[in-house]
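The sequence shown begins at 204 in this note's numbering and counts up one residue at a time.
Notes for the one structure printed next.
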Amino acid sequence: MFEFAWPWIFVLLPLPWLMRLVLPVADSGEPALKVSFLGDLEGLARRRARANLPAWRQQAPFMLLWLLLLIAAARPQWLGEPLPIAASGRDLLVAVDVSGSMDFPDMQWNDEDVSRLSLVQHLLGDFLESRDGDRVGLILFGSQAYLQAPLTFDRRTVRVWLDEARIGIAGKNTAIGDAIGLALKRLRMRPAQSRVLILVTDGANNGGEIEPLTAAKLAANEGVKIYPIGIGADPEESGATALLGGNPTLDLDEPALKAIADATGGRYFRARDGKELQAIKDTLDQLEPVAQQPTQARPAQALYQWPLALALLLSMLLVARELWPDNPLQRLFTKELYLQSPLPDWRERLKRLRLRRRR
204 MFEFAWPWIF
214 VLLPLPWLMR
224 LVLPVADSGE
234 PALKVSFLGD
244 LEGLARRRAR
254 ANLPAWRQQA
264 PFMLLWLLLL
274 IAAARPQWLG
284 EPLPIAASGR
294 DLLVAVDVSG
304 SMDFPDMQWN
314 DEDVSRLSLV
324 QHLLGDFLES
334 RDGDRVGLIL
344 FGSQAYLQAP
354 LTFDRRTVRV
364 WLDEARIGIA
374 GKNTAIGDAI
384 GLALKRLRMR
394 PAQSRVLILV
404 TDGANNGGEI
414 EPLTAAKLAA
424 NEGVKIYPIG
434 IGADPEESGA
444 TALLGGNPTL
454 DLDEPALKAI
464 ADATGGRYFR
474 ARDGKELQAI
484 KDTLDQLEPV
494 AQQPTQARPA
504 QALYQWPLAL
514 ALLLSMLLVA
524 RELWPDNPLQ
534 RLFTKELYLQ
544 SPLPDWRERL
554 KRLRLRRRR
């Protein structure tokens, strides 16, 4: 089925004529000779002077050009038959800790030492992008919590924003309670059947205005499940411990994270390396599968390029008419119209007309 996505564009159709009425007439800068008795001369000669076609025929190509531009701007499209699409009732937010400790390089991935945030960006990015049919969003938190990406079906963009996250952009502390509160504010606005928050942190709550357990109880009342993930290698397993003289994993408050999971009906996970985080990702896919619903959509094929191409071609022909006047297009729009062949005694008739005027 053919339709215009923006049919209201056609209200601009009379705009050029309105502008012609409102704006003053442009001065061509060329002298003009006005002959008051031109009609008499044409009558005597039985021949019309060289003239352009009527105004509507002169304006026809420009009217057509304007109409083609409006058609292209109105977004013509062809709608296909309704097709089933994958859809879900789930709203899934991921809250990622970006405090300074997430830069600690104690994680292993492909036999290389990587920082905790780099591993989260890689594996959880894959997890988000694979949630076909889910609305996903991203929260970054440190001393404060920020909504980096609202709930959306555009999972690729959320993945890009996760990859662009940098250490310390939200502050040096860890406000777990504020992150849960911000997630709850966003999830309660969605009439979803299942609301999920994945909380990734490597420390204890030492900032913000809301206690994590208080925020978790509020989330439970709203039907939000929280899956906390404590990330960081054990101190005795970290090769960087001896080098740097300490490991921030000692600050991880696992009892608090387990209490958050229990209060909301979720589950706590511990990720000590890349393999464990990969296993957690697979487990989350099983715990929160994509719940398909019968949803249909009609594929739309854009057709604006056709009227736009015709408008471009017509513009080129009009330019060619101005640059090269002696061409078939010019002869089509400008020509001489003859009434009859001139009479042999037209000079005598003109002489008698002049004498009559003098009397």
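Virtual Cβ for every residue (Gly too), placed ideally from N, Cα, C.
What you are looking at is a predicted structure, and each value in this text was computed from that prediction instead of being measured.
Within the same chain, Cβ atoms closer than 6 Å to the Cβ of residue 407 are found at 454, 456, the five residues on either side in sequence being excluded. Inclusion of residue 487 and residue 413 in the CB contact set at 8 Å is not warranted, their separation being larger than that value.
Distance between residue 371 and residue 295, taken at the CA atoms: about 24 Å. Judged by DSSP secondary structure, residue 312 falls within the beta strand (DSSP E) whose first and last residues are 310-312. Using a Cβ distance threshold of 8 Å, residue 327 and residue 427 do not count as a contacting pair.
Between residue 346 and residue 376, the C-beta spacing is below 8 Å. Straight across, the Cα-Cα distance linking residue 303 with residue 430 is about 22 Å. Beta-bridge pairing by DSSP links residue 281 to 205, 504. Residue 358 counts as buried, since at least 16 other C-beta atoms from the protein chains shown sit within 10 angstroms of its C-beta.
351 is the residue among 474, 313, 351 whose C-alpha sits nearest the C-alpha of residue 363. Contact fails between the segment 314-323 and the segment 262-279, because fewer than three Cβ pairs, one in each stretch, are under 8 Å apart. When the Cα atoms are used, residue 308 and residue 474 turn out to be separated by approximately 14 Å. Per DSSP, residue 350 is one residue of the beta strand (DSSP E) stretching across 348-355. Around the CB of residue 339, 16 or more other CB atoms lie within 10 Å, so the residue is classed as buried.
Secondary structure of residue 393 (DSSP, three-state): coil. Shortest Cα-Cα distance from residue 424 to any of 434, 384, 458, 409 involves 384. DSSP places residue 420 within a helical segment (H, G or I) once states are collapsed to three. DSSP places residue 377 outside both helix and strand once states are collapsed to three, so it counts as coil.
Taking the Cα positions, residue 300 is about 23 Å away from residue 313. Contact check for residue 510 and residue 212: beta-carbon distance about 12 Å, past the 8 Å limit, so the pair fails to qualify.
Distances from the alpha-carbon of residue 207 to those of 523, 518, 506, 519 put 506 closest.
By the CB criterion at 8 Å, residue 503 and residue 382 fall outside the cutoff. The bridge partners DSSP lists for residue 436 come to none.
Excluding five sequence positions before and after residue 204, the CB atoms of its chain that fall closer than 8 Å to its own CB belong to 281, 282, given in chain order. In summary, residue 369 is exposed, with fewer than 16 beta-carbon neighbours lying within 10 Å of its beta-carbon over all protein chains present. Note: residue 431 is bridge-paired with 402 in the DSSP secondary-structure output. When beta bridges are read from the DSSP output, residue 341 appears opposite 297, 352. Taking residue 356 as reference, the option from 365, 527, 336, 373 with the minimal CA-CA separation is 336.
Just so you know, the alpha carbons of residue 329 and residue 361 end up roughly 11 Å apart. In this structure, the alpha-carbon of residue 458 lies about 59 Å from that of residue 279. Residue 414 carries a coil assignment under DSSP once its states are collapsed to helix, strand and coil. Ranking 325, 324, 365, 323 by CA distance to the CA of residue 341 puts 365 first. Between residue 463 and residue 416, the CB-CB gap stays under 8 Å.
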